[in-house]
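S.K.: Chains F and H supply the protein sequences, listed in that same order. Under numbering that gives the first Met the number 0, residues 0 to 396 are what the first sequence spells out, in order. Under numbering that gives the first Met the number 0, residues 0 to 396 are what the second sequence spells out, in order. Virtual Cβ for every residue (Gly too), placed ideally from N, Cα, C.
2 protein chains.
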Amino acid sequence: MNLSKRIKAMQQSPIRKLVPIAENAKKQGKKVYHLNIGQPDIVTPAEFFDAVKSFDEKVLKYSFSQGIPELIEALIQYYKRYDIEYESDEILITNGGSEALLFSLIAVADHGDEVLIPEPFYTNYNGFSSAVGVNVVPITTKATEGFHLPNKEAIEDLISPRTRAILLSNPGNPTGVVYSPEEIQMLADIANEYNLFIIADEVYREFVYDNLTYTSFGNVKEIQDRVIIVDSISKRFSACGARIGSIASKNKELIKQILKLCQGRLCVPTLEQIGAVELYSVSDDYFKSVLEEYQKRRNIVYNSLKEMPGVICEKPTGAFYVIAKLPVVDAEHFTIWLLEEFNVDNETIMLAPAEGFYATPGLGKDEVRIAYILNENVLRKAMSILKDALEKYPNKK
Amino acid sequence: MNLSKRIKAMQQSPIRKLVPIAENAKKQGKKVYHLNIGQPDIVTPAEFFDAVKSFDEKVLKYSFSQGIPELIEALIQYYKRYDIEYESDEILITNGGSEALLFSLIAVADHGDEVLIPEPFYTNYNGFSSAVGVNVVPITTKATEGFHLPNKEAIEDLISPRTRAILLSNPGNPTGVVYSPEEIQMLADIANEYNLFIIADEVYREFVYDNLTYTSFGNVKEIQDRVIIVDSISKRFSACGARIGSIASKNKELIKQILKLCQGRLCVPTLEQIGAVELYSVSDDYFKSVLEEYQKRRNIVYNSLKEMPGVICEKPTGAFYVIAKLPVVDAEHFTIWLLEEFNVDNETIMLAPAEGFYATPGLGKDEVRIAYILNENVLRKAMSILKDALEKYPNKK
């Protein structure tokens, strides 16, 4: 019996495949600072655990396929902070942002259809697309341009009769880009002119620095029936292990159709939904303090990178990632070298080689993604290790 | 923008679509006994909640994509009770049995491939298959034969060059059938001769009555590289709202490939996995007492049905469902009539019309599925309401 072509073609997580090498380094007694994954160290608000622990029913029953009404209501209130109005039949709770993305792709594209995605992109966009037979067409963006979008014509050139949607994260993972209001409007115009959906992964909505104006696709009124907003509590409230995401769209027919997929998997865990209600009710102070913390970290990482000879990166303005071009021939080799052969006082760092974030072969070979999800002191130490390593690494460009 | 053909073609849950009618009946003050869904009233073992509540980390982090090691180990021990040996790299934890099914289908079949499924079947088999472009080819089984399988030739006739797998639940939902050791061996032979996978949904493994011999596909040694066992804690431990399922297979390459899908969705909720470890460690007494309870219920339902004129059903021997052929023209109409127009002392019942469990058009129109998931007294009352209703219902055959 043969496995399906689609599963064999699926890209392995470029980050997770290096995990055994890091584990090995740790076994040999090396301390490894993880700059490679988006697992924040910020404490999950206690309200989450309190709510989960106060659950006192005797039977843990199936919940509603669309999500519990209290959580849908909490999301409606949350979106109002951003001037976005949703009704209860316009929101579905999902198993993380991951399921929201998977279901959105199934709903807008058939086998062989195409979805435009600015690259470098969150690699799982690729994985989900292959799994359900959707072809990814990358819109290439560049480190030297801060990963902002090319002009309208360049994007239009990529559209074919099979293009069904534009999928993007804003703020961007792995780039840290925040698209300008003009870029958002340009994409909205394209969606309108070419009859496309926009799947807007806005899980990092709160992580926008330097008081920059953030435009959600939920704010572009004239294309609301084309917009699908994907959200998650993972990064927003440092609750990655809860796996609570959501889909929101003013296109009620779309929501009704995706509800069939939700019914197919019956429901999302009850306990985490109860916890998530409390998270979406935290005060603005929570967001403010988390934002300050990340902005401080962004500054540490960016300022350190700017001081390293040969490193190219524009100041990232959102999420908690930065992609840096390093003066190395092969960033994956550099990452492995860091784990296997390098240390400063028996400490080293783990990076995410960026090639896996690109769909176009050959791009990103000298780039890494750095997640600034560690505290100030550790970050400083980690960046100093990187600086040292770049000096000593033999395979430089 | 158009929605995908596949999502529009997806069947709506035949059970969930009647929910608004039941809600309406309740709003009018009617008590509705739900025989339509597999939501047991059995108490979830307290060990689950105790474990969840003892979680004391400050950050709810991402967990391992394959599942936490403790839960994988608990499953290895659990399978040993059934003489099934798995190693830790042969098991993946999933978001319920639902995700296990979805991932298995993606892994064994490409767009346009076929999967054989004995009908009537769990409707979500159909939903997942359409979502990922796999065609369901039904192996028709009959109420009059207790839903046992047809002979080998009849099944072989359904096999085409695009057939990739046989998918089945054993004990069966919605039929309550438990396949004999000979039936299991016949399917194993077919899988071997035609180079097919077997996706064995065995979530009701413990629910086998009358001391019948149960054969898991995990016990058919000679085809272990073809067998994928789907499991779930939902019914086994009455923990439907936890959404913890699993995939097990001696085919390590298959597991390795499906792990890519698991990595794509990052992980399964941490808290429920911690709870599930405790569930899989409950003593045999738990299973024994639950089994006794369900066997008693099965007897009540079956004996009541046998007394109703014109009702046809063979004694079900597993799971907690029975499909009965009723002396009515249209079981869906009868179900709606029960909710909208009938009552005994202001009480009525909700059934699951069985037509939606068949892929072959026209089959099951006069059949319903009854889930015996309510306690003895309520079940007796519900069955007496059914008897009464069948006498008074106008559109009889």
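1) For residue 361 of chain H versus residue 233 of chain H, is the C-beta distance shorter than 8 Å?
2) Give the DSSP bridge partners of residue 296 of chain F, in chain order.
3) If contact means a Cβ-Cβ distance below 8 Å, which residues of the stretch 82-101 of chain H contact chain F?
4) Quick one: list the residues of chain H neighbouring residue 132 of chain F, beta-carbon separation under 7 Å, in chain order.
5) If the cut-off is 8 Å on Cβ atoms, which residues from the stretch 254-277 of chain H count as contacting chain F, listed in chain order?
6) Give, in chain order, every residue of the stretch 49-79 of chain F whose Cβ lies closer than 8 Å to some Cβ of chain H.
7) Apart from the five residues on each side of it in sequence, which residues of its chain come closer than 7 Å, Cβ to Cβ, to residue 378 of chain F?
8) Measure from the alpha carbon of residue 243 of chain H to the alpha carbon of each residue in H:260, H:66, H:212, H:179, then state which is nearest.
9) Just curious, the alpha helix (DSSP H) that residue 397 of chain F is in, first and last residue?
10) Show which residues of chain F have a CB atom less than 9 Å away from the CB atom of residue 241 of chain H.
11) Just list the residues that DSSP pairs residue 368 of chain H with in beta bridges.
12) Helix, strand or coil: how does DSSP classify residue 66 of chain H here?
13) Could you check which residue in H:216, H:230, H:2 has the C-alpha nearest to that of residue 108 of chain F?
14) Under 8 Å, Cβ to Cβ, is there at least one residue of chain H near residue 17 of chain F?
15) With distances taken from CA atoms, which of F:84, F:23, F:134, F:265 is nearest residue 112 of chain F?
16) How would you write the range of the beta strand (DSSP E) that residue 117 of chain H sits in, first residue to last?
17) Note down, in chain order, every chain F residue with its Cβ under 8 Å from the Cβ of residue 349 of chain H.
18) Going along the chain, which residues of the stretch 34-50 of chain F sit with their C-beta nearer than 9 Å to a C-beta in chain H?
19) For residue 318 of chain H and residue 97 of chain H, what's the separation of their Cα atoms in angstroms?
20) Using a C-beta to C-beta distance shorter than 8 Å, which residues of chain F count as neighbours of residue 7 of chain H?
21) Give, in chain order, every residue of the stretch 206-238 of chain H whose Cβ lies closer than 7 Å to some Cβ of chain F.
22) Considering only residues of the stretch 145-171 of chain F, which uninterrupted beta strand (DSSP E) runs meet the minimum length of 3 residues and lie entirely inside it, listed in chain order?
23) Does the CB of residue 105 of chain F have a neighbour CB from chain H at under 8 Å?
24) State the start and end residues of the unbroken beta strand (DSSP E) segment that holds residue 30 of chain F.
25) Does the Cβ-Cβ distance between residue 207 of chain H and residue 359 of chain H come in under 8 Å?
26) Is residue 227 of chain H near residue 198 of chain H, with beta carbons less than 8 Å apart?
27) Which first and last residues belong to the alpha helix (DSSP H) in which residue 393 of chain H is found?
28) Use the C-beta contact count for residue 194 of chain F: other C-beta atoms within 10 angstroms, 16 or more gives buried, fewer gives exposed.
29) Helix or strand or just coil, what does DSSP make of residue 93 of chain H?
30) Please report how far the alpha carbon of residue 218 of chain F lies from the alpha carbon of residue 83 of chain F, in whole angstroms.
31) How long is the line joining the alpha carbons of residue 212 of chain F and residue 180 of chain F, rounded to whole angstroms?
32) So residue 199 of chain H is in the alpha helix (DSSP H); what residue range does that whole segment cover?
33) Is residue 240 of chain F helix, strand or coil by DSSP?
34) Any residues in the stretch 292-306 of chain H with a beta carbon nearer than 8 Å to a beta carbon of chain F? Which ones, in chain order?
35) Can you find the residues in the same chain that come closer than 7 Å, C-beta to C-beta, to residue 401 of chain H, ignoring five residues on each side of it along the sequence?
36) Can you give me the C-alpha to C-alpha distance between residue 272 of chain F and residue 56 of chain F, rounded to a whole angstrom?
M.R.: Inspection of the coordinates gives the following:
1) no
2) None; residue 296 of chain F has no bridge partner.
3) 94, 95, 97, 98, 101
4) 110, 132
5) 256, 257, 259, 260, 262, 263, 264, 265, 266, 267, 268, 269, 270, 271
6) 51, 52, 54, 57, 58, 59, 60, 61, 62, 64
7) 296, 299, 300, 371
8) H:66
9) Since the displayed chain F opens at 0 and closes at 396, residue 397 of chain F lies outside it and no answer follows.
10) 59, 268, 269, 270
11) Looking at the DSSP assignment, residue 368 of chain H forms a beta bridge with H:322, H:351.
12) In the structure shown, residue 66 of chain H sits in coil (DSSP, three-state: anything other than H, G, I, E or B).
13) H:2
14) no
15) F:134
16) 113-118
17) Correct list: empty, because the minimum Cβ distance to chain F is about 15 Å.
18) 36, 37, 38, 39, 40, 41, 42, 43, 45, 47, 48
19) 17 Å
20) 256
21) 225, 237, 238
22) 162-168
23) yes
24) Start and end: 30-33.
25) no
26) yes
27) Residue 393 of chain H -> no alpha helix (DSSP H), and no H or E assigned at all.
28) exposed
29) strand
30) Their Cα atoms are separated by approximately 6 Å.
31) 8 Å
32) Here residue 199 of chain H belongs to no alpha helix (DSSP H); instead the beta strand (DSSP E) covers 196-200.
33) Correct three-state label for residue 240 of chain F: helix.
34) none
35) Missing from the structure shown is residue 401 of chain H; chain H here goes from 0 to 396 and no further.
36) Looking at the two C-alpha atoms, the distance is approximately 15 Å.
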